[in-house]
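Undergrad: Numbering-wise (the numbering used here), the sequence shown opens with residue 2 and increments by one. Dropping a structure here in C-alpha cells format, bear with me for questions.
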Amino acid sequence: MPTSGGRTGDRPHVILLPSAGMGHLVPFSRLAVALSSGHGCDVSVVAVLPTVSAAESRHLQGLLDASPAVRRLDLHLAPFDESEFPGADPFFLRFEAMRRSAPLLGPLLADTGASALVTDIALASVVIPVAKEIHLPCYVLFTASAAMLSFCAYFPTYLDTNAGRVVGDVDIPGVYRIPKASIPQALHDPNHLFTRQFVANGQDLAKADGVLVNTFDALELEAVTALRQGSVAAGFPPVFSVGPLVTVNLPAGEAAKESGNDYMYWLDAQPAQSVVYVSFGSRKAISRDQVRELAIGLEASGQPFLWVVKSTVVDRDDSAELSELLGEGFLERVQGQGFVTKAWVEQEEVLKHESIGLFISHCGWNSVTEAAASGVPVLAWPRFGDQRVNAGVVARGGLGVWVERWSWEGEEDVVSGEEIAEKVKAVMADETVRKKAASVGEAAVKEFADGGTSYRSLTEFVRRCRDLAVLD
Numbered sequence: 002m003p004t005s006g007g008r009t010g011d012r013p014h015v016i017l018l019p020s021a022g023m024g025h026l027v028p029f030s031r032l033a034v035a036l037s038s039g040h041g042c043d044v045s046v047v048a049v050l051p052t053v054s055a056a057e058s059r060h061l062q063g064l065l066d067a068s069p070a071v072r073r074l075d076l077h078l079a080p081f082d083e084s085e086f087p088g089a090d091p092f093f094l095r096f097e098a099m100r101r102s103a104p105l106l107g108p109l110l111a112d113t114g115a116s117a118l119v120t121d122i123a124l125a126s127v128v129i130p131v132a133k134e135i136h137l138p139c140y141v142l143f144t145a146s147a148a149m150l151s152f153c154a155y156f157p158t159y160l161d162t163n164a165g166r167v168v169g170d171v172d173i174p175g176v177y178r179i180p181k182a183s184i185p186q187a188l189h190d191p192n193h194l195f196t197r198q199f200v201a202n203g204q205d206l207a208k209a210d211g212v213l214v215n216t217f218d219a220l221e222l223e224a225v226t227a228l229r230q231g232s233v234a235a236g237f238p239p240v241f242s243v244g245p246l247v248t249v250n251l252p253a254g255e256a257a258k259e260s261g262n263d264y265m266y267w268l269d270a271q272p273a274q275s276v277v278y279v280s281f282g283s284r285k286a287i288s289r290d291q292v293r294e295l296a297i298g299l300e301a302s303g304q305p306f307l308w309v310v311k312s313t314v315v316d317r318d319d320s321a322e323l324s325e326l327l328g329e330g331f332l333e334r335v336q337g338q339g340f341v342t343k344a345w346v347e348q349e350e351v352l353k354h355e356s357i358g359l360f361i362s363h364c365g366w367n368s369v370t371e372a373a374a375s376g377v378p379v380l381a382w383p384r385f386g387d388q389r390v391n392a393g394v395v396a397r398g399g400l401g402v403w404v405e406r407w408s409w410e411g412e413e414d415v416v417s418g419e420e421i422a423e424k425v426k427a428v429m430a431d432e433t434v435r436k437k438a439a440s441v442g443e444a445a446v447k448e449f450a451d452g453g454t455s456y457r458s459l460t461e462f463v464r465r466c467r468d469l470a471v472l473d
C-alpha cells in the first residue's frame, strides 16, 4: 500500500527512487539501510509496479522485512507500447517506461512531507524537473563508478565537440582517457534508445542538488576530485562519495541454505584463500562455447572453485542441465575440487569467507564494491556496458588485474581454457596482488566506518536534509 505522511520530529524524510535491474536496486536498498539505521533518517522507497523481474520483487520484500523503519511507496507505471522500440533490451525499455511515467511522481510525493528525493541516474533528466516543480530537493544516486560518472557528465560535451564523427577515445578533463574499446556498446549508436537516455541524464546532472556515488576516495581519488573541483563539467553539483555501501543480512541467505544450496558449508571445508569464486552477475550470460572453455580452465588450474553458472539472460528460465552446459564428465571429474551451481548465492557472504582467494568477475559495479569491501583480489573479465570502465578502476585502484584483450559481448573471440588456467594460477600465486587488494579492503572499511570519508559524506548529505526538515 502507498505510504503517506510527514516525518518524525526533525528527522529528515528521504525518498529513494530506484530504476530497473538488480544492479540499480541493490545500492538503493543499501543506501536505505545506511540512512535509516546509521544516520537517523525516515526512509521511503518507491516501488515501481509491475517490477521487471522476480529477483527485484524478492529483494525489495527482503529489505522491507529486515528493515521495518523503511517504508514503501507504490508507483504504478502508465501504459507504454514497447513495440515502439522493437528488439530493445528489456531494461532499457523499463527505463523508458519509467521516464514517461515521471509526471505521476508529483501527486505521489506531494503529501509525504519529504525532505529530499534521491533518484536513480537512469531517470535523472525527467525526475529533477518534477521535484523542482513541487519544491523538493532532488539528488541523484549514481550506481556505477566515479570514473563512469565523470564519463556520463562529460559525454554530452564530447558529442557536441565531435559532432558527426564516430565515437572514439574520450579524454575526460582532470580524470583520464576512456578508450573507444571501453565505451558501452550502445553509445556507439547515436540513435540507440539508451544513448538518448544517457545523454539526456548527463546533460541534466548539473541541475541536481547533489550527486551521491557508490565509491570511496581511496579507490577513485582522481575521478572524485575532478568532479568536485568542476574539472569534468562546469557548475557540477556537490559530489558525495558514500561507498562502498553495504547491507544488513537479508532473509534470503538462510532461505538459500534451506533450499539445499549448501555452498557455504562447502566453503567452510576449504583452506584459507584457496578458492576461486566465479560469477558474471545476473544481467547477461556468456556464450556456451566460452562456458565450456571456462570449465576447462578452472579444472586445469588445480584450484578449488565456486562457480555460479548462468546461460540465459536475466530472469528467464534456465532449463539447460549443468552437464549439458559444461561438457560430458566435467562435474564428475571436479568432484571435491569445485562447487558448481545455477542457483542464487549471497555474494557478499561468499566474498567475506576466509576461503576465497580470487574473484573472477564481470565487474558490475556492485560486485566491484563488494570485492573491495572484502579485500578480495579480482580477475576482471568485463562483458557489457560500463564494465570495462569498471575493470579499469579495478586495475588502477590495486584491487586486481584485467586482461584487456579478453573479449566481451559482441566480439567473437573465445578465450581458451589453457589461457584461463594459466592466468588463474599466476594471479593466485601473486602475493603483491593479494596484498594490494587487502589494502584496498582495509581502506574501504575505514572510509565507510564512523569518521571515515564516506561516512562524513553521507553525514553531510543528511545534514542538508535535516536543515531543510527544521526549516519546514
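Even glycine gets a Cβ: it sits at the ideal position worked out from N, Cα and C.
Using three-state DSSP, classify Val471 as helix, strand or coil.
TA: Interpretation of Val471 is limited by its pLDDT of 49, a score under 50 that renders its predicted location unreliable; the figure taken from the coordinates is listed afterwards. In this structure, Val471 counts as helix in the three-state DSSP scheme.
Undergrad: Using 10 angstroms around the beta-carbon of Leu188, count the other beta-carbons present and answer buried if the total reaches 16, otherwise exposed.
TA: Buried: at least 16 other Cβ atoms inside 10 Å.
Undergrad: Which class does Tyr264 belong to by DSSP, given the choice of helix, strand or coil?
TA: In the structure shown, Tyr264 sits in a helix (DSSP, three-state: H, G or I).
Undergrad: Under three-state DSSP, which class holds Phe195?
TA: It is helical.
Undergrad: Would you report the Cα separation of His354 and Glu371, rounded to the nearest angstrom?
TA: In a straight line, the C-alpha of His354 is about 12 Å away from that of Glu371.
Undergrad: May I ask which residues mark the beginning and end of the alpha helix (DSSP H) holding Ile474?
TA: Outside the displayed range of the chain (2 to 473) lies residue 474, so it cannot be described from this structure.
Undergrad: Which value, in whole angstroms, describes the spacing of the CA atoms of Leu74 and Leu17?
TA: Taking the straight line from one Cα to the other gives about 9 Å.
Undergrad: Where are the beta strand (DSSP E) runs, 3 residues long or more, that stay fully inside the segment 271-318, in chain order?
TA: 276-280 and 306-309, all fully within the segment 271-318.
Undergrad: Within a Cβ cutoff of 6 Å, which residues of the same chain sit near Arg464, ignoring the five residues on either side of it in sequence?
TA: So the list is empty, once near-sequence residues are dropped.
Undergrad: Could you spell out where the beta strand (DSSP E) holding Gly236 opens and where it closes?
TA: No beta strand (DSSP E) holds Gly236; DSSP gives it neither H nor E.
Undergrad: Between the alpha carbons of Asp82 and Glu223, how many angstroms are there, rounded?
TA: The straight-line gap from Cα to Cα measures roughly 43 Å.
Undergrad: Please report the Cβ distance between Thr144 and Trp366, rounded to the nearest whole angstrom; I am assuming they are in contact, meaning their Cβ atoms lie under 8 Å.
TA: With a Cβ gap of about 6 Å, Thr144 and Trp366 count as contacting.
Undergrad: Report the rounded CA-to-CA distance for Leu61 versus Ser30, giving the unit in angstroms.
TA: So the two alpha carbons sit approximately 8 Å from each other.
Undergrad: With which residues is Cys139 paired in a DSSP beta bridge?
TA: The partner list for Cys139 (beta bridge, DSSP) reads Leu118.
Undergrad: Under three-state DSSP, which class holds Ile361?
TA: The answer is strand: DSSP assigns Ile361 an E or B state.
Undergrad: Leaving out the 5 sequence neighbours to the left and right, which residues in its chain are closer than 8 Å to Gly442 when beta-carbon positions are compared?
TA: Contacts found: Ala373, Ala374, Ser375, Gly376 and Val377.
Undergrad: Drop a sphere of 10 angstroms on the beta-carbon of Gln338, count the other beta-carbons inside from all chains shown, and report buried for 16 or more, exposed for fewer.
TA: Exposed is the call here.
Undergrad: Report buried or exposed for Ser115, applying the criterion of at least 16 other Cβ atoms within 10 angstroms of its Cβ.
TA: Before going further, note that residue 115 is Ala rather than Ser in the sequence given. So Ala115 ends up on the buried side.
Undergrad: Does Arg397 come within less than 8 Å of chain D when only Cβ atoms are used?
TA: The structure shown contains no chain D; it is built from a single protein chain.
Undergrad: Give the list of continuous alpha helix (DSSP H) stretches no shorter than 4 residues that lie fully inside the segment 29-99.
TA: Counting whole runs of 4 or more residues, the segment 29-99 contains the alpha helix (DSSP H) stretches 55-67.
Undergrad: For Asp205, does the three-state DSSP call read helix, strand or coil?
TA: Helix, per DSSP.
Undergrad: Ile129 and Lys208: beta carbons closer than 8 Å?
TA: Going by C-beta atoms, Ile129 is nearer than 8 Å to Lys208.
Undergrad: Taking contact to mean 3 or more Cβ pairs, one atom from each stretch, closer than 8 Å, check whether the segment 96-107 and the segment 63-80 are in contact.
TA: The segment 96-107 vs the segment 63-80: in contact.
Undergrad: Can you tell me whether Leu50 is buried or exposed, with buried defined as 16 or more other CB within 10 angstroms of its CB?
TA: It counts as exposed.
Undergrad: Would Ala381 and Trp403 be called neighbours here (beta carbons separated by less than 8 Å)?
TA: Cβ distance < 8 Å, so Ala381 and Trp403 count as in contact.
Undergrad: How is Thr342 classed by DSSP in three states: helix, strand or coil?
TA: It is a strand residue.
Undergrad: Counting Cβ pairs, one atom from each stretch, are 3 or more of them under 8 Å apart for the segment 356-365 and the segment 385-401?
TA: Output reads yes: the segment 385-401 touches the segment 356-365.
Undergrad: Near Leu326, what residues of its chain come up, given a Cβ to Cβ distance below 7 Å and the 5 sequence neighbours on each side ignored?
TA: Taken in chain order, the residues that qualify are Arg289, Val292, Val310 and Ser312.
Undergrad: Do the CB positions of Ile122 and Asn215 come within less than 8 Å of each other?
TA: No, Cβ-Cβ distance for Ile122 and Asn215 is not below 8 Å.
Undergrad: So, does the segment 297-307 touch the segment 338-349, judging by three or more C-beta pairs under 8 Å?
TA: Yes, the segment 297-307 is in contact with the segment 338-349.
Undergrad: Would you call His14 buried or exposed, if buried means 16 or more other Cβ atoms sit within 10 Å of its Cβ?
TA: Result: buried.
Undergrad: Determine the contact status of Arg467 and Asp43, defining contact as a CB-CB distance below 8 Å.
TA: No; because the gap between Cβ atoms is not below 8 Å, this pair is not in contact.
Undergrad: For Ala427, does the count of other Cβ atoms within 10 angstroms reach 16, so buried, or fall short, so exposed?
TA: Burial call: exposed.
Undergrad: Check whether the segment 225-236 and the segment 147-155 are in contact - that is, three or more C-beta pairs closer than 8 Å.
TA: Segments in contact, yes.
Undergrad: Return the CA-CA distance between Gln274 and Ser45, expressed in angstroms with no decimal places.
TA: About 40 Å.
Undergrad: Just grab the DSSP bridge partners of Asp172 for me.
TA: In the DSSP output, where bridge partners are listed per residue, Asp172 has Arg178.
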